[in-house]
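Numbering (this note's numbering), first residue to last: 31 to 216.
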């Protein structure tokens, strides 16, 4: 049996990684608050989207340059998720625009040789769309503008992201298989 592809959501703190994780997972599994550092460990969820099964990983905020102990531990957790992942969603904040931290994360992701999809989150209208051109300074061919909170653009991102994934296989129990029964006691 082929292992399911693994998708890791990576980005600096407070860009909406856990919100996107919950949106794709279809349930509120990850804690979402408007403060950096809410997610510290990797969070896993098996998902199916349009008959494509995969494992999704939510990560804590990635701060490549810090030496603060908790942030170093969060970075280590994120690096483990990156190693596990077949595909990475690099999530950035469309309202904040491109930051030096985004540039450093993109550089580090490129050095890993992984398949990376670049997405700008919190793009809720035309006013925010105008800010997106600066993300192309990363040297990327495609940027997906999404709103994880409202679901805008998420289906388009998943359609491209899961294009090569194998179809999910439904497990069917063999009705002719004998049932094992154990009787215990006196």
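We put the CB at the ideal spot given by N, CA and C, even for glycine.
The structure presented is a predicted model; accordingly, all values stated were derived computationally and were not measured.
(message) Is the separation between the beta-carbon of residue 119 and that of residue 165 shorter than 7 Å?
(response) As a working note, residue 119 is residue 89 in the chain shown. As a working note, residue 165 is residue 135 in the chain shown. In this structure, residue 165 does not lie closer than 7 Å to residue 119 by Cβ.
(request) Mind checking who residue 88 pairs with in its DSSP beta bridge? (result) As a position in the chain shown, residue 88 is number 58, starting the count at 1. Paired residues: 39 and 73.
(request) Check each candidate in 144, 145, 181 and 78 and name the one with the smallest Cα separation from residue 155. (result) As a position in the chain shown, residue 155 is number 125, starting the count at 1. Among 144, 145, 181 and 78, the Cα nearest to that of residue 155 is on 181.
(request) With a threshold of 16 other CB atoms inside 10 Å of the CB of residue 141, please say whether the residue is buried or exposed. (result) Mapped onto the chain shown, residue 141 falls at position 111. Flag for residue 141 reads exposed.
(request) Starting from the C-beta of residue 66, find all residues in its chain whose C-beta is less than 6 Å away, skip the five residues before and the five after it, and write them out in chain order. (result) Translated into positions along the chain shown, residue 66 becomes position 36. Annotation note: pLDDT 47 at residue 66 (below 50); position unreliable, coordinate value reported separately. For residue 66, where only same-chain residues beyond five positions count, the Cβ hits under 6 Å are 43, 44 and 91.
(request) Give the C-beta separation of residue 50 and residue 151 to the nearest angstrom, bearing in mind that I take them to be a contact with Cβ-Cβ under 8 Å. (result) To locate residue 50, count along the chain shown from 1; it is residue 20. To locate residue 151, count along the chain shown from 1; it is residue 121. With 8 Å as the limit, residue 50 and residue 151 qualify as a contact, their Cβ atoms being about 7 Å apart.
(message) Quick check on residue 167: does DSSP put it in helix, strand or coil?
(response) The residue given as residue 167 occupies position 137 in the chain shown. Correct three-state label for residue 167: helix.
(message) For a test of the three-state rule: what should DSSP assign to residue 54, helix, strand or coil?
(response) Counting from one through the chain shown, the residue named residue 54 turns up at place 24. Of the three classes helix, strand and coil, the one that applies to residue 54 here is helix, per DSSP.
(message) Can you find the residues in the same chain that come closer than 8 Å, C-beta to C-beta, to residue 134, ignoring five residues on each side of it along the sequence?
(response) Position 104 of the chain shown holds residue 134. Cβ neighbours of residue 134 beyond the five flanking positions: 94 and 95.
(message) So for residue 115, helix, strand or coil by DSSP?
(response) As a first step, residue 115 is located in the chain shown; it is residue number 85 there, counting from the start. Residue 115: coil per DSSP, three-state reduction.
(request) Identify whether residue 109 lies in helix, strand or coil by the three-state DSSP scheme. (result) The residue labelled residue 109 in the question sits at position 79 within the chain shown. If DSSP states are grouped into helix, strand and coil, residue 109 belongs with the helices.
(message) I need the boundaries of the beta strand (DSSP E) containing residue 146, first residue and last residue.
(response) Position 116 of the chain shown, counting from 1, holds the residue named residue 146. That run of the beta strand (DSSP E) goes 145-151.
(request) May I ask which residues mark the beginning and end of the alpha helix (DSSP H) holding residue 173? (result) Numbered from its first residue, the chain shown carries residue 173 at position 143. Per DSSP, residue 173 belongs to no alpha helix (DSSP H); it is in the beta strand (DSSP E), 173-175.
(request) Could you tell me the boundaries of the alpha helix (DSSP H) in which residue 199 lies? (result) The count along the chain shown starts at 1 and reaches residue 199 at position 169. No alpha helix (DSSP H) contains residue 199, which DSSP labels as neither H nor E.
(message) Looking only at its chain, what residues have a beta carbon closer than 6 Å to the beta carbon of residue 127, apart from the 5 residues adjacent to it on each side?
(response) Here the question's residue 127 lines up with position 97 in the chain shown. Result list for residue 127: 161 and 164, in chain order.
(message) Just to confirm, is the Cβ distance from residue 53 to residue 178 under 7 Å?
(response) Here the question's residue 53 lines up with position 23 in the chain shown. Here the question's residue 178 lines up with position 148 in the chain shown. Against a cut-off of 7 Å, the Cβ pair of residue 178 and residue 53 comes out as a contact.
(request) Can you have a look at residue 130 and say buried or exposed, based on whether 16 or more other CB atoms are within 10 angstroms of its CB? (result) Taking the first residue of the chain shown as position 1, residue 130 is located at position 100. Answer is exposed; the Cβ neighbour count stays below 16.
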